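If you read the sequence shown in our numbering, its first letter stands for residue 252, the second for the next number, and so on.
Idealized CB from N, CA, C, for every residue including glycine.
None of these values were measured; they are calculated from a predicted model.
Okay, structure first, notes after.
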Amino acid sequence: MSDGAIPDALATLAAARGVETRYVDGRGQERRATVESLMGILNSLGDMETLSSPAQAPQALRAYHQGRVERILEPVYVVDEGVSAVVDLRLARRLNSFECRIEFEFGGETSWSVRTDEMAVVATAPDEPRAWGLALPAMRVGYHRLCVIIGRRIVWSTLIVRPLRGVTHRFSREWRAYSVQAPIFSLHSQRSWGGGDVGDLDEFARLVANQGATVVSTLPLLSSFGPHDFEASPYRPVSRRFWNDRWIALDQVEFLSRSPAAQSLMSDTYSPMYRSSWARGGHVDGAEAFRAKRHVIQAWAATQSEFMALYENGLRSYVTEHPEVNDYARFRAAGERFGRDFRHWPSVARSGLLRWNDVDPTLVRYHLFAQWIIDSQMSDLSRRLAQRGQTLQLDIPIGVHPDGYDVWKNPSEYVSATSIGAPADDLTTEGQTWGSPPLHPARIRENAHQQFRDALRCHMRVAGVVRIDHVMGLQRLFWVPDGASARDGLYVKMPFHELLAIVAIEAQRHGCDVVGEDLGTVDGDLREAMAHEGLRRTYVAQFAIGEESLDEVPAGAVASFGTHDTATFLGWWGEADLDERVAVGQLSADAAVPARAQRRHDRDRLVRALGLDPDRAGEPGVGPARVLDAVHAALADSDAGLVMVQVEDLLEMAT
């Protein structure tokens, strides 16, 4: 991003809309917005006339402030539990009095009258409309609805009442836990046809329980496209509120055992085929394994009489408890009829409304059944782990697929023609674009962050620990316009304290521990707020190698040598990750020379930091495996609350 003078009015408009005009990237270099990139981001935010010139900024700013004047209440306020609070209320003119009512989340309400001559003027920014302080009674933790009645006008807002105590901690330095992380698709077995499933994850948890692992961590298990348009990445889910039917354990589905068609496919066709492939040591095609699994379930779901019998025997209660699954099932069925990109569907279907006759009922039945089964199996897995004294750790990705259900159902809450990403750092010198549309920071407030609440609840119902991927995204997101380089991206502020308050509420309600992935470009205020709410930090040893010692582990952090995004320890030690970056063109041969020299230096520093002899690091018994043992011992002796080990490192895998 080249430097360029930003006109004052344009900079003021950007500040009002929460767009930052400069930032420091992961290599410590300051980046400044150009006029073009800034106008592009402002235009993508919408809610104003499209800017074609900086000269239009003053008019756009006036229109923005006029909209603020006309808004009596903010859509969301955050207050502390058990404390009388004051929130801002905007009035175009003073009135004698008006009425207020609070409807509490779990029933009941309170009402009162307010005399405006008893209200104090609240200090506001010079460009902000005048506001008065509305006193609220002390309330319990939760989401309550505030109603203000002024004449014939009725205005609503959501009150997020956060707990004073913050997030519950399941483990600490005194009660430290150890975790093994394994992607579910890496847990191969014959019974799951080599593709991994919930049953494999349960068996893996049982095995590591014998080694003292009380936390079992895996990558996101959320719904994805497939198998016909297979999407391998778990970090761009179709929805953050529904599980992936790819991970259903077929042999644990009781109803399939009563279906001759399904049993024939399983025992006569697919099981022998995949066992033969397993015996030959061949690779398993994830899309093909998913297709086979789905074929079996559809063979059963195609029989309407069996489906209706099952509906009466349990599925109905699941649908009643999760009514949105009806829309989700129709959406998935419509995608198979009209194509994955819903923007090319018939106009009515594009709008988030699907009728039963728009889709194949057999496909709808499949997706309803599949969601019920995978949801049940996730709950059963959670219970079995708890019986062994274990718990599950799940990742909540920062984004969703642009063609997915969440975007289709809530289009106004996402910003089109834009992707979230990350600025340049030592690993990605050009920055990153992740292909997920950003949430609109203002419009998500209109629905009181319901999507985010639902995503947290989905995970916290079954996991004792959740990890919020790229937790910085709660504070600000890096936006990159479609077709632009990540170098042209800018940060846009998010309603951080509202989102963090929701995390605290849901974590308290579910008794869940929360980890924030705070690696990379992080604002200091973020970590302070995380500490205040009880969110754990993330510590990665390979990014913390000092000249004589490892950087100190923050108290209570989740500590590991690497992450799922980095090479295995042996791969890091042997520079396999650098080899791969050269092979795919991410690192030039010339640039690889100093990178390899730095890696050798880092290896020596790590060995010294662990109190080992660098001159003997290559000898048998003192080699990389011994170094990794020393890393884990150092982390176990630190102030970490949870020490995480990658399963690939336990197996001494080189890549």
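Pairwise C-alpha distance: residue j and residue i
i	j	result
Ile753	Arg704	7 Å
Val658	Pro746	19 Å
Arg712	Ser630	8 Å
Val765	Arg345	45 Å
Gly384	Asp339	5 Å
Arg708	Glu757	7 Å
Leu632	Ser811	25 Å
Met252	Ala735	Low confidence applies to Met252: its pLDDT is 44, below 50, so where it sits in the model is not reliable enough to give any reading.
Ala905	Thr819	6 Å
Val878	Val844	24 Å
Ala256	Asp802	39 Å
Phe455	Gln628	15 Å
Leu410	Asp888	43 Å
Ser288	Glu903	46 Å
Leu604	Arg594	13 Å
Trp498	Arg442	12 Å
Gly279	Val372	42 Å
His721	Tyr790	13 Å
Val270	Pro692	11 Å
Gly565	Gly813	43 Å
Asp254	Ser362	Bear in mind that the predicted position of Asp254 carries a pLDDT of just 44, short of 50, making it unreliable; the figure below should be weighed with that in mind. Each residue's Cα considered, the two are about 55 Å apart.
Ile907	Ser687	This structure cannot speak to residue 907, because the chain is shown only from 252 to 906.
Ala876	Ser440	27 Å
Leu777	Arg696	20 Å
Gln849	Leu821	16 Å
Phe357	Pro523	53 Å
Leu561	Arg606	23 Å
Leu387	Glu563	46 Å
Bridge partner(s) assigned by DSSP for residue i
i	result
Ile405	Ile400
Ser811	Val791
Glu350	Ser364, Ile400
Tyr328	Leu410
Tyr394	Ile411
Ala251	Absent from the model: residue 251. The displayed extent of the chain is 252 to 906, so no value can be given.
Met895	Ser430
Lys744	Arg727
Ser667	None; Ser667 has no bridge partner.
Option nearest residue i by Cα separation, candidates the options
i	options	result
Arg738	Leu770, Ile756, Asp764, Gln683	Gln683
Pro805	Trp824, Leu886, Ile756	Leu886
Leu614	Glu587, Arg594, Ser602	Glu587
Leu857	Leu838, Ala881, Gln837, Ala846	Ala881
His573	Arg581, Val547, Ile499, Trp623	Trp623
Tyr315	Leu264, Asn347, Val270	Leu264
Leu501	Gln837, His618, Leu838, Val547	Val547
Ala780	Gln726, Ser484, Leu838	Gln726
Tyr579	Tyr617, Met370, Gln849, Gly417	Tyr617
Arg915	Val743, Leu452, Asp776, Glu784	This structure cannot settle anything about residue 915, because the visible part of the chain is limited to 252 through 906.
Val392	Val334, Arg404, Arg381, Ile405	Val334
Ala389	Val418, Arg421, Trp407, Phe355	Phe355
Leu296	Val576, Val666, Glu350	Val666
His710	Pro732, His420, Thr642	Thr642
Glu575	Glu360, Tyr656, His761	Tyr656
His652	Gly640, Arg639, Ser670	Ser670
Thr465	Pro485, Leu387, Trp426, Pro732	Trp426
Cβ-Cβ separation, residue j to residue i (assumed contact under 8 Å), whole Å
i	j	result
Leu728	Pro689	5 Å
Gln759	Pro414	5 Å
Arg322	Arg341	6 Å
Gly892	Arg787	6 Å
Ala884	Glu799	At roughly 18 Å, the Cβ-Cβ gap does not stay under 8 Å, so Ala884 and Glu799 are not in contact.
Val286	Leu261	7 Å
Arg273	Arg283	5 Å
Asp654	Arg591	5 Å
Thr469	Leu458	Not a contact, Cβ separation roughly 14 Å.
Glu332	Val412	5 Å
Tyr394	Ala699	7 Å
| query | If we count Cβ pairs, one from each stretch, closer than 8 Å, do we get three or more for the region 489-509 versus the region 541-556? | reply | yes
| task | Examine the Cβ distances between the region 468-485 and the region 658-669 and report whether three or more of them are shorter than 8 Å. | result | no
| query | Taking contact to mean at least 3 C-beta pairs separated by less than 8 Å, is the region 413-432 in contact with the region 891-898? | reply | yes
| Taking three-plus beta-carbon pairs below 8 Å as touching, is the region 538-545 in contact with the region 440-450? | yes
| field | the region 462-477 contacting the region 632-650, beta-carbon criterion three pairs below 8 Å | value | yes
| Between the region 312-330 and the region 399-415, are three or more C-beta pairs nearer than 8 Å? | yes
| Can we say the region 668-684 touches the region 510-522, given the rule of at least three CB pairs closer than 8 Å? | no
| Should the region 300-314 be regarded as contacting the region 360-368, the criterion being three or more beta carbon pairs within less than 8 Å? | no
| Is the region 596-611 in contact with the region 480-495, if contact means three or more CB pairs nearer than 8 Å? | no
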